[in-house]
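Enquirer:
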Amino acid sequence: MHLTNRVLVTGGAGFIGSHLCEALLETGAEVLCLDNFFTGARSNVAHLLSHPRFELMRHDVTMPLFVEIDQIYNMACPASPVHYQYDPVQTTKTSVHGAINMLGLAKRTGARILQASTSEVYGDPDVHPQQEDYWGNVNPIGPRSCYDEGKRCAETLFFDYYRQHQLDIKVARIFNTYGPRMHPNDGRVVSNFIVQALQGEDITLYGDGQQTRSFCYVDDLVKGLMSLMNSPEGVTGPINLGNPGEFTIKELAEQVIELTGSISKLTHKPLPQDDPRKRRPDITRAREQLNWGPSVALNEGLVKTIAYFDELLKTT
Ligand code: NAD
Ligand code: UDP
Numbered sequence: 000m001h002l003t004n005r006v007l008v009t010g011g012a013g014f015i016g017s018h019l020c021e022a023l024l025e026t027g028a029e030v031l032c033l034d035n036f037f038t039g040a041r042s043n044v045a046h047l048l049s050h051p052r053f054e055l056m057r058h059d060v061t062m063p064l065f066v067e068i069d070q071i072y073n074m075a076c077p078a079s080p081v082h083y084q085y086d087p088v089q090t091t092k093t094s095v096h097g098a099i100n101m102l103g104l105a106k107r108t109g110a111r112i113l114q115a116s117t118s119e120v121y122g123d124p125d126v127h128p129q130q131e132d133y134w135g136n137v138n139p140i141g142p143r144s145c146y147d148e149g150k151r152c153a154e155t156l157f158f159d160y161y162r163q164h165q166l167d168i169k170v171a172r173i174f175n176t177y178g179p180r181m182h183p184n185d186g187r188v189v190s191n192f193i194v195q196a197l198q199g200e201d202i203t204l205y206g207d208g209q210q211t212r213s214f215c216y217v218d219d220l221v222k223g224l225m226s227l228m229n230s231p232e233g234v235t236g237p238i239n240l241g242n243p244g245e246f247t248i249k250e251l252a253e254q255v256i257e258l259t260g261s262i263s264k265l266t267h268k269p270l271p272q273d274d275p276r277k278r279r280p281d282i283t284r285a286r287e288q289l290n291w292g293p294s295v296a297l298n299e300g301l302v303k304t305i306a307y308f309d310e311l312l313k314t315t
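Under numbering that gives the first Met the number 0, think of the first position of the sequence shown as 0, with each following residue one higher.
(1) Please confirm if C152 has its CB atom under 8 Å from at least one CB of chain E.
(2) For the ligand UDP, is there a heavy atom less than 7 Å away from the beta-carbon of D274?
(3) Does the Cβ of M101 have 16 or more other Cβ atoms within 10 Å, making it buried, or fewer, making it exposed?
(4) Could you pull out every residue in the same chain whose Cβ sits closer than 7 Å to the Cβ of E200, ignoring the five residues on either side in sequence?
(5) Whose CA, out of Q129, G178, A306, lies closest to the CA of G260?
(6) By how many angstroms is the C-alpha of L224 removed from the C-alpha of H182?
(7) With a threshold of 7 Å, establish whether the CB of L33 neighbours any heavy atom of the ligand NAD.
(8) So K303 is in the alpha helix (DSSP H); what residue range does that whole segment cover?
(9) Starting from the N-terminal side, write out each stretch of the beta strand (DSSP E) that is 3 residues or longer and does not extend beyond the region 12 to 39.
(10) Identify whether P63 lies in helix, strand or coil by the three-state DSSP scheme.
(11) Can you find a heavy atom of the ligand UDP that lies under 7 Å from the Cβ of S226?
(12) Note down, in chain order, each residue of its chain lying with its Cβ closer than 8 Å to the Cβ of P271, except the 5 sequence neighbours on either side.
(13) With DSSP run on the structure shown, which of helix, strand or coil describes P280?
(14) Can you tell me the Cα-Cα spacing of Y72 and L24, whole angstroms?
(15) Provide the residue span of the beta strand (DSSP E) that contains I168, from first to last.
(16) Examine the Cβ distances between the region 31 to 46 and the region 55 to 62 and report whether three or more of them are shorter than 8 Å.
(17) Using DSSP bridges, identify the partner residues of A115.
(18) Curious, which full-length beta strand (DSSP E) runs of at least 3 residues does the region 115 to 203 contain?
(19) Where does Y85 land, buried or exposed, given buried means 16+ other C-beta within 10 angstroms?
The structure is reproduced here in structure tokens:
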């Protein structure tokens, strides 16, 4: 017999996963953090290791897992283009085999299961802002496809397990998220720009810098994930989670320079293939069904993230 909520977080030693583990422990849950440490690190959860309700397990989601559990957050998957393109076959396996294994676990245990999907399922969108009923514009054979199509197939599996086996599923489409514990070398725009600015190096704008993104602070995102997980049965999503504030990449660079007081200059590099031109979530569904919306403005979140990287660069 168990009294606490036993929660599995796959990819729990990653950027978002580690914040999620922390927040779950605060709710009184028992947290099983599972990771293969491809892009995550023990150091991200080192402060949780002595917690009596926290357990860290090295495991790859492409392999079956046998544990007893009440809720599953399936976060395991490299998220930055540099990392997911490093071993694209493994990226697809992580999304697809990982989803099959975790859905199988949910089926056996009766656990509720949430999938960390992504705005990348919309590809380079023709519809703006992106609503959940938009099917997307995705290249199936390009360098981003291992991630985009892997995540799309994971969504398919979630909805087939829902229809065929009546699983209690939740699908979150996460938009660009940033904050402390982002990997300093993962090539993502927020971490790149902050590290470059703090080191006085040129800020690398890919293309003309006029492409847009919407940036969500990690604490807001974690609250959204937990609201979705604890929403009534039948609220399956897919549901967009992100901050609808939309900025060009050049505007982001300028904000980072201003907030760090850096002497860095802007420089241009080639735009990567299939780089989406614009991205902004329509979060009406999240507001209506979860009563959730972000509360941290970009400049406020950047200040906290800059402080994190400043400390990290001093100690490494
Ligand atoms: P991250 O790379 O920091 O975290 C992913 C974690 O999964 C890492 O700890 C990694 O070691 C682990 N992992 C990778 N493959 C695994 C495997 N086969 N088995 C077990 N563990 C494995 O990335 P993140 O930004 O924290 O992203 C977390 C999740 O959210 C991912 O599924 C990602 O696709 C999704 N997401 C993130 C963003 C974002 O902006 N950060 C946007 C959309 C979706
Ligand atoms: N980008 C950039 N300079 C960098 C890193 C990224 O101009 O040093 C651009 C990138 O081309 C994209 C945007 O910033 O248009 C967001 O890139 P990121 O890799 O963070 O995420 P994603 O493309 O997956 O949204």
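Even for Gly, the Cβ is constructed at its ideal location relative to N, Cα and C.
Expert: Taking the structure as given:
(1) Within the model displayed, chain E is absent; a lone protein chain is all it includes.
(2) On the sequence shown, residue 274 is found 275 positions in, with the first residue counted as 1. Correct: D274 has its Cβ closer than 7 Å to the ligand UDP.
(3) The residue you call residue 101 lines up with position 102 of the sequence shown. So M101 counts as buried.
(4) Looking up residue 200 in the sequence shown gives position 201. Only S263 meet the Cβ criterion.
(5) Residue numbering aside, residue 260 sits at position 261 when the sequence shown is read from its first letter. Nearest of Q129, G178, A306 to G260, Cα basis: A306.
(6) Mapped onto the sequence shown, residue 182 falls at position 183. Mapped onto the sequence shown, residue 224 falls at position 225. For H182 and L224, the distance between alpha carbons rounds to 21 Å.
(7) Within the sequence shown, residue 33 is the residue found at index 34, counting from 1. At least one heavy atom of the ligand NAD is nearer than 7 Å to the Cβ of L33, so yes.
(8) Mapped onto the sequence shown, residue 303 falls at position 304. 297 to 314 is the extent of the alpha helix (DSSP H) around K303.
(9) 29 to 34
(10) Here residue 63 corresponds to residue number 64 of the sequence shown, with the count starting at 1. Coil.
(11) The residue given as residue 226 occupies position 227 in the sequence shown. Answer for S226: no, Cβ out of range of the ligand UDP.
(12) Taking the first residue of the sequence shown as 1, we reach residue 271 at position 272. P80, P142, Y205.
(13) Here residue 280 corresponds to residue number 281 of the sequence shown, with the count starting at 1. Three-state result, P280: strand.
(14) Translated into the one-based positions of the sequence shown, residue 72 becomes position 73. Translated into the one-based positions of the sequence shown, residue 24 becomes position 25. Each residue's alpha carbon lies about 14 Å from the other.
(15) The residue given as residue 168 occupies position 169 in the sequence shown. Counting along the chain, the beta strand (DSSP E) containing I168 begins and ends at 168 to 173.
(16) yes
(17) Numbered from its first residue, the sequence shown carries residue 115 at position 116. A171.
(18) 168 to 173
(19) Sequence index remark: in the sequence shown, residue 85 carries index 86 (1-based). Label assigned to Y85: exposed.
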